[in-house]
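Chains as they are written, first to last, in UniProt numbering: chain A, 1 to 341; chain B, 1 to 752.
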């Protein structure tokens, strides 16, 4: 009988009424499920919550920032591709969505990017920029190009060379004349091709079996770019046809010399406001100055290098011959008298 | 390094650590590679210099890694990297505020690395880092620079003291402090100096001079740092030395034994060798002569001027911005200086007047400072009003018991140092408080009483003087002191030591079975082996008569001066008062005795440190037995009071005595409750604790414990058998038990 009493009690328990109390929250029902949750981070799928579609210029900026600062390499590449397509597809006379002065400093660090596809895409993009804007930013670009040329990774070095080539096509005069553009860049070439010598070298001839210099296939290419660079710096440009100025009347001869200069910061070579520069960082505006420095610092090394390259024959030999010709053109009329400076 | 970056590095085989490893092994072969990387470093530097704030460490090979790489291999190509240190220094000095923190740290680290490779010298490094330490707003950089500077100073002083470097550094610190007294930058000078002082790298007067300059600065923090150094720097140094000296001592015998038994391997042999080396080093260090480390207070140049300046600048000056705590610190330092060097800064005592009320916050510290600033050359006129004021304000029936005891303690501490600051009416009044119901007050009053029984018994009422003091007064052995009087010559308690030594010798002779007194023929022998090496001791004992002659001459002089009225020279005064008390003939022999007592031991023997320690002990004992043979607690307290050296600092706690003016904190109460209960990590019964203790000492367990722990199955047989025993067997067992208990155990407790 006892068991039945117990069962009764149990039955009763199931249908007991919950007492409500003043000042207390209502008790949760038995079948209540807690749906609250905790999360360490909240992920938002889309960042912009605006309803209207972004304008094309805003989108351009967005992709620019993605290209310059995204962590993922595919994202960078895709962003660059977008930028390239935007530039190439715009109507002929329309100005750039953003001026070059903003684009270049943001994208120049990508020369040192670790991913090959990003670098090739970058080169494509750079080729689309108007060539007249590049000259003024040659110094900033050269900083990264030089860093790329001496990079530990071979791929980055070769790609930096192609950027260099492009620069030489677009603004040869500015590349060689900007501060540090001549001596520092030449030093880079020297070390890249393994022609540089340590200051503290002993009389021992070091067997240059190091991992860096021997780039095999790229060597002729390096020679070609160097030849291009030297041509820009050492070989005299064709003088302007003098006919135009001659035609003017007597008081107006050479009037273009006396006009306000067209390039920005025309007196930069005087370095009026900056910190004093050393030999490396100096601007070598005229051809004679460049010749002098080249003769003093690099000529012997380059000549020796050319001889070695010629001996190799084949592609390097041909490239060496080209380089030798450039050297002959550039340094032929140089007389080493004014070496006293 | 994050995994992702490693992957990227592998992709382009830009492996700087690998190259670094190769270069370090064979610099010449890889010079071309190095030049390339150096070129890369240069171009990266140019990029960085073009826009220092925006340049990030993006890219696979960051500027930071390149700096690290070049710094590591710079010693292989000294000519090529000649400008590298300069570059780093320039970057750091001009852009330290805007540099990215990791790059900044790397540059600092590389500079230190270059210093370790001795490419740049210490002075160069410190000259770069120190200005940045002072100037930078970044806390992390400051702490980094601080540690680097300290470690560099330590390493460059580790083999031998680099005086030149220390001098330049000290000059730089001094200039930092003296150039701009209001700036907070001086705190770095204080910190560096204190740390180096603690580690005993700087122990000279120049360091103390820096701290002196800091104490006289205008910035509160700098002042605090300087003053705290003087108050606690030496203690810190001692503590550090103690810590370093009681490192774990290896038991070499045990190790050797283990080595003999265990399997012999090369490694184990090596560890043994190393241990032996260590022990030897330790021994050597122990035996090395102790370097003379003067405390900062003693190395101070012109303490009088310093104390005066401190007082007038920080305390007397109404414009000084120090708060009460800081002022108290300065006051403590000033009073400590005065007490230690016996300086005279009269205006200090009148300064105290204002603060001597029970309502003044932390008044006990003021009282302690006042007592500390008292010494026997302070004119009693300056002190008397202070003592009077303390008595009026603190010690009365109406005031709380803690207040009264603090006042009495303070008065006692003042009077220990200058007994003349008390007049007899006040003293007799204060002594009456020994009948107080409060223990603190009672003890303080008794302390005052016992003090004056020694130093000025005639000021006490006759019935308070006590036996020894009364007898001493009667016989004239207790004389009243005059202001400025100094104790003449001699080492206190030397005669006690002599006596003790004599007793020891006698005891030894008795042990050897010889008569207590030495025979005439034996004496020489004994003397010879007592100090066989000491030739001069014989000579001086021969010339004992010569001393007598001289002392006679001295007496004559004092006699001749006897005619003159009241000459206040300390030495002659002492002998004069004695001359008045006794007949001249008596006096002669008395003085002779005294002379002998003074001169004998100290002039004939060299006292060893053990002797000196014994001397101190005997001195304490004697003064204790003279004071009172009272109960244990009292003597212990007395002992503590006497053992305190006069040069030691006085703290507020000592003034407070038993009763505390402030409430005790919870920690203190808990500590008090826990005191004497032993270390109790987990909650266990006392039995278990006792057992643990025994186990840890390696002692055996008792039979009871053994039987308790005995395996149940082993006891089962006996228990079963017990039930089946016959009556005879039971009887035998019981009888055996009775007999055993009579005998005292199975084997009998005969008292072996």
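For every residue, glycine included, the Cβ atom is placed at its ideal position computed from N, Cα and C.
As the structure is a computational prediction, the values presented were derived from the model and not from experiment.
Local conformation of residue 415 (chain B) per DSSP, three classes: helix
Using a Cβ-Cβ cut-off of 7 Å (strictly less than) and excluding sequence neighbours within five positions of residue 18 (chain A), which residues of its own chain qualify? 27
Can you give the Cα-Cα distance for residue 421 (chain B) and residue 619 (chain B), rounded to whole angstroms? 26 Å
Any beta carbon from chain A within less than 8 Å of residue 100 (chain B)'s own beta carbon? no
Chain B residues whose Cβ lies nearer than 7 Å to that of residue 146 (chain A): 43
Can you give me the Cβ contacts of residue 329 (chain A) inside the same chain, cut-off strictly under 6 Å, excluding the 5 residues immediately before and after it? The residues are 235.
Kindly indicate if chain B contains any beta-carbon less than 8 Å away from that of residue 178 (chain A). Using a Cβ-Cβ cut-off of 8 Å, residue 178 (chain A) does not count as an interface residue toward chain B, since no Cβ of chain B sits closer than that to its own.
Quick one: does residue 343 (chain B) have its CB under 8 Å from some CB of chain A? Closer than 8 Å: no.
State yes or no: is the beta carbon of residue 311 (chain A) nearer than 8 Å to at least one beta carbon in chain B? no
If you measure from the beta carbon of residue 150 (chain A) to each beta carbon in chain B, is any gap under 8 Å? yes
Let's test the definition: count the other Cβ atoms within 10 Å of the Cβ of residue 23 (chain A) and tell me whether it reaches 16, buried, or not, exposed. Exposed is the call here.
Should the stretch 435-451 of chain B be regarded as contacting the stretch 400-410 of chain B, the criterion being three or more beta carbon pairs within less than 8 Å? yes
Tell me the rounded alpha-carbon separation between residue 307 (chain B) and residue 651 (chain B). 19 Å
Is the shortest distance between the beta-carbon of residue 305 (chain A) and the beta-carbons of chain B less than 8 Å? no
Considering residue 500 (chain B), what are the terminal residues of the alpha helix (DSSP H) in which it resides? Segment 494-512, the alpha helix (DSSP H) holding residue 500 (chain B).
Where the alpha helix (DSSP H) containing residue 172 (chain A) begins and where it ends: Per DSSP, residue 172 (chain A) is one residue of the alpha helix (DSSP H) stretching across 172-177.
Straight-line gap, residue 339 (chain B) to residue 325 (chain B) (C-alpha atoms, nearest Å): Rounded to whole angstroms, residue 339 (chain B) to residue 325 (chain B) spans 21 Å at the Cα level.
Is there a C-beta anywhere in chain A that falls below 8 Å from the one on residue 40 (chain B)? Cβ-Cβ to chain A under 8 Å: yes for residue 40 (chain B).
Proximity of residue 391 (chain B) and residue 426 (chain B) at Cβ, strictly below 8 Å: Result yes, Cβ atoms of residue 391 (chain B) and residue 426 (chain B) sit closer than 8 Å.
Measure the CB-CB distance between residue 93 (chain B) and residue 119 (chain B) and report whether it falls below 8 Å. No; because the gap between Cβ atoms is not below 8 Å, this pair is not in contact.
Which residue wins for smallest C-alpha separation from residue 308 (chain A), given the options A:324, A:137 and A:138? A:324
Are at least three pairs of beta-carbons, each pair with one atom in the stretch 83-97 of chain A and one in the stretch 119-129 of chain A, less than 8 Å apart? yes
Verify whether the separation of the beta carbon atoms of residue 379 (chain B) and residue 341 (chain B) is less than 8 Å. no
Counting Cβ pairs closer than 8 Å, one from the stretch 129-141 of chain A and one from the stretch 163-180 of chain A, do we hit at least three? yes
Element boundaries [alpha helix (DSSP H), containing residue 86 (chain B)]: 84-95
Which word fits residue 732 (chain B), buried or exposed, when buried means at least 16 other C-beta atoms lie within 10 angstroms of its C-beta? exposed
Looking at chain A, is there any beta carbon in it that lies within less than 8 Å of the beta carbon of residue 3 (chain B)? Any reading at residue 3 (chain B) must be qualified, since the residue scores a pLDDT of 42, below 50, and its modelled position is unreliable; no value is offered.
Near residue 144 (chain B), which residues of its chain fall below 7 Å by C-beta distance, leaving aside the five closest residues on each side in sequence? 105 and 108.
Just the Cα atoms here: how many angstroms apart are residue 396 (chain B) and residue 492 (chain B)? 38 Å
Where residue 694 (chain B) and residue 688 (chain B) are concerned, what is the direct C-alpha to C-alpha distance, given to the nearest angstrom? 10 Å
Please identify the residue among B:165, B:155, B:95 and B:149 whose C-alpha is closest to the C-alpha of residue 123 (chain B). When C-alpha distances from residue 123 (chain B) are compared across B:165, B:155, B:95 and B:149, the shortest belongs to B:165.
For a test of the three-state rule: what should DSSP assign to residue 324 (chain A), helix, strand or coil? Assigned with DSSP and collapsed to three states, residue 324 (chain A) falls in helix.
Residue 613 (chain B) burial status per 10 Å Cβ neighbour count (16 or more: buried): exposed
Could you tell me whether the Cβ of residue 118 (chain B) comes closer than 8 Å to any Cβ of chain A? no
Using 8 Å as the limit for Cβ to Cβ distance, is residue 17 (chain B) near chain A? no
Keeping to the same chain, check which residues put their C-beta closer than 6 Å to that of residue 176 (chain A); ignore five residues upstream and five downstream. 182, 232 and 233
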